[in-house]
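**Student:**
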Amino acid sequence: MDLLLKDKVALITGASKGLGAATAAALAEEGVNLILTARDEKALQMQADRLTTEHGVRAIPIAADLTEAGISDTLVKQSINTLGRIDILVNSAGASQGGVFWEIPEDVWQDSMELKVMGTIRMMRAVIPHMIENQSGRIVNIVGNTGLQPAPRLLPGSSANAALLAITKGLAEDLAPHNVIVNALNPGPTRTERWTTLMGKLSESGGRSVADIEQDYKDQIPMNRLAEPDEIGRLAAFLASERAANMTGACLTADGGWTKGIG
């Protein structure tokens, strides 16, 4: 399906790897020009070079740490100066460590909220005035299904995800009159670098093999498998397009049927 995105401009956070990189690839395949941001300058440059070569789009890497004060405003200004506008914002930065609740250090909670929640808030605050001025824009927050269905060993991430879902829902109502659309994508367990790191830490703290821990998650998923990053990236691209018609404040869950709630 042609998503009618050719020559649009997207700013993607967390774009050097994982779901941010997968979303960048899906959008580049649709002809979207990209501003890619993350903290790893070398990885960003490699990603930008690959997307430009494979898809013929402009892909501009800008290394940035979204926990730094004022960096979001600077990033948005640089993006507009470079490519003229921002049609799409995809927030994919931030990851949370897991573990036994009473053993998780306080800084893990603070780091989770500072990058994933506050980083997303800062990016939206910086880009929304530009989108309101243009009376057009689409924001996709890549969140996670544990915001709807908390996992006992993933509570820092569950808490951050729940906060982002609330913000997405409430903000969408304010922005709808300006034709600025805000939706969330809630992936379940997905085979990314973050997942591999998380499994390793849970294995180390719990004294069980990674394979056994991962199987515990698969056993809860009706489709009995993890998602692949490109599958989630394509869904994010869909939400970034006009094909996702009459949707705002929505939370699209893609977790193989794991989430049991109705809503």
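Residue numbering for the sequence shown is 14 to 276, as defined by this note's numbering.
For every residue, glycine included, the Cβ atom is placed at its ideal position computed from N, Cα and C.
In this text the structure is predicted, and so the values were computed from the model without any measurement.
Is there contact here, the region 158 to 167 with the region 261 to 275, by at least three beta-carbon pairs under 8 angstroms?
**Tutor:** Yes, they touch.
**Student:** Flag this pair as yes or no: are the beta carbons of M212 and I234 separated by less than 8 angstroms?
**Tutor:** As a working note, residue 212 is residue 199 in the sequence shown. As a working note, residue 234 is residue 221 in the sequence shown. Result no, Cβ atoms of M212 and I234 do not sit closer than 8 angstroms.
**Student:** Pull up the CB-CB distance for I145 and V193, whole angstroms please, since I reckon it's below 8 angstroms.
**Tutor:** Sequence index remark: in the sequence shown, residue 145 carries index 132 (1-based). Sequence index remark: in the sequence shown, residue 193 carries index 180 (1-based). Yes, I145 and V193 are in contact; Cβ-Cβ is about 6 angstroms, under 8 angstroms.
**Student:** Assuming T50 and T26 form a contact by the criterion Cβ under 8 angstroms, report the distance between their Cβ atoms to the nearest whole angstrom.
**Tutor:** For the purposes of this step, residue 50 is taken as the residue at position 37 of the sequence shown. For the purposes of this step, residue 26 is taken as the residue at position 13 of the sequence shown. Indeed they touch by this definition, with Cβ atoms about 5 angstroms apart.
**Student:** Which residues bound the alpha helix (DSSP H) around N104?
**Tutor:** As a working mapping, residue 104 is identified with position 91 in the sequence shown. No alpha helix (DSSP H) contains N104, which is instead part of the beta strand (DSSP E) from 101 to 104.
**Student:** Would you list, in sequence order, the uninterrupted beta strand (DSSP E) runs of no fewer than 3 residues that lie entirely inside the region 43 to 86?
**Tutor:** If we require 3 residues or more, the beta strand (DSSP E) runs fully inside the region 43 to 86 come out as 46 to 51, 72 to 76.
**Student:** Does DSSP put I155 in a helix, in a strand, or in coil?
**Tutor:** The residue labelled residue 155 in the question sits at position 142 within the sequence shown. In this structure, I155 counts as strand in the three-state DSSP scheme.
**Student:** Which residue wins for smallest C-alpha separation from Y230, given the options A108, G201, L16?
**Tutor:** The residue you call residue 230 lines up with position 217 of the sequence shown. Among A108, G201, L16, the Cα nearest to that of Y230 is on G201.
**Student:** Could you spell out where the beta strand (DSSP E) holding I25 opens and where it closes?
**Tutor:** The residue you call residue 25 lines up with position 12 of the sequence shown. Here the beta strand (DSSP E) through I25 covers 22 to 26.
**Student:** Can you tell me which of E116, V195, D120 puts its alpha carbon nearest to the alpha carbon of S218?
**Tutor:** What you label residue 218 is simply residue 205 of the sequence shown in a count that begins at 1. Of E116, V195, D120, the residue nearest in Cα terms is E116.
**Student:** Would you call the region 234 to 250 in contact with the region 29 to 37, where contact means no fewer than 3 C-beta pairs closer than 8 angstroms?
**Tutor:** Cβ pair count under 8 angstroms is three or more, so yes.
**Student:** Tell me whether N154 is buried or exposed, calling it buried when 16 or more other Cβ atoms sit within 10 Å of its Cβ.
**Tutor:** If you number the sequence shown from 1, residue 154 lands on position 141. By the 10 Å Cβ count, N154 comes out buried.
**Student:** Buried or exposed, going by whether 16 or more other CB atoms sit within 10 Å of the CB of A77?
**Tutor:** Here residue 77 is taken as the residue at index 64 of the sequence shown, counted from 1. So A77 counts as buried.
**Student:** On a Cα-Cα basis, can you pick out the residue from G111, V22, V113, A250 that is closest to T95?
**Tutor:** The count along the sequence shown starts at 1 and reaches residue 95 at position 82. Considering only alpha carbons, the answer is V22.
**Student:** Could you compute how far the alpha carbon of R204 sits from the alpha carbon of V195?
**Tutor:** For the purposes of this step, residue 204 is identified with residue 191 of the sequence shown, where counting begins at 1. For the purposes of this step, residue 195 is identified with residue 182 of the sequence shown, where counting begins at 1. Computed Cα separation, rounded: 26 angstroms.
**Student:** For A41, which of L128, L18, K273, L252 has the nearest alpha-carbon?
**Tutor:** In the sequence shown, residue 41 corresponds to position 28, counting from 1. Cα-wise, what sits closest to A41 is L18.
**Student:** Identify the residues that DSSP records as bridge partners of L198: which are they?
**Tutor:** In the sequence shown, residue 198 corresponds to position 185, counting from 1. In DSSP, L198 forms a bridge with I155, L265.
**Student:** What did DSSP end up calling A240 once you bin it into helix, strand or coil?
**Tutor:** Stepping through the sequence shown from its first residue, residue 240 is reached at position 227. Three-state result, A240: strand.
**Student:** For G107, does the three-state DSSP call read helix, strand or coil?
**Tutor:** As a working mapping, residue 107 is identified with position 94 in the sequence shown. In the structure shown, G107 sits in coil (DSSP, three-state: anything other than H, G, I, E or B).
**Student:** Hey, is the region 166 to 181 in contact with the region 120 to 132, meaning 3+ C-beta pairs nearer than 8 angstroms?
**Tutor:** The region 166 to 181 vs the region 120 to 132: in contact.
**Student:** Got a sec? Which residues, its chain only, sit under 6 angstroms from L24 by beta carbon, not counting five neighbours each side?
**Tutor:** What you label residue 24 is simply residue 11 of the sequence shown in a count that begins at 1. Cβ neighbours of L24 beyond the five flanking positions: I48, S92, I99, L102.
**Student:** Helix, strand or coil for T272, going by three-state DSSP, please let me know.
**Tutor:** As a position in the sequence shown, residue 272 is number 259, starting the count at 1. T272: coil per DSSP, three-state reduction.
**Student:** Which one or two residues does DSSP pair with G183 in a beta bridge?
**Tutor:** Here residue 183 is taken as the residue at index 170 of the sequence shown, counted from 1. Paired residues: none, contrary to the question.
**Student:** Are the beta-carbon atoms of L178 and A197 separated by less than 8 angstroms?
**Tutor:** For the purposes of this step, residue 178 is taken as the residue at position 165 of the sequence shown. For the purposes of this step, residue 197 is taken as the residue at position 184 of the sequence shown. Yes, the pair counts as a contact, with Cβ atoms nearer than the cut-off.
**Student:** To the nearest angstrom, how far is the alpha carbon of D262 from that of A185?
**Tutor:** Residue numbering aside, residue 262 sits at position 249 when the sequence shown is read from its first letter. Residue numbering aside, residue 185 sits at position 172 when the sequence shown is read from its first letter. With the sequence shown as reference, residue 262 is identified as Gly, and Asp is not the correct amino acid for it. For G262 and A185, the distance between alpha carbons rounds to 5 angstroms.
**Student:** Helix, strand or coil: which one does DSSP assign to G4?
**Tutor:** Nothing can be reported for residue 4, as the shown portion of the chain is limited to 14 through 276.
**Student:** Can you list, in chain order, the residues of its chain with a C-beta nearer than 6 angstroms to that of S125? Leave out the 5 residues immediately preceding and following it.
**Tutor:** Reading the sequence shown from its first residue, position 112 is the one you call residue 125. For S125, where only same-chain residues beyond five positions count, the Cβ hits under 6 angstroms are S109, P169, A173.
**Student:** Below 8 angstroms on the Cβ atoms is my contact criterion, and I expect Q162 with W271 to pass it. Report the Cβ-Cβ distance as a whole number of Å.
**Tutor:** Numbered from 1 along the sequence shown, position 149 holds the residue referred to as residue 162. Numbered from 1 along the sequence shown, position 258 holds the residue referred to as residue 271. Yes, Q162 and W271 are in contact; Cβ-Cβ is about 7 angstroms, under 8 angstroms.
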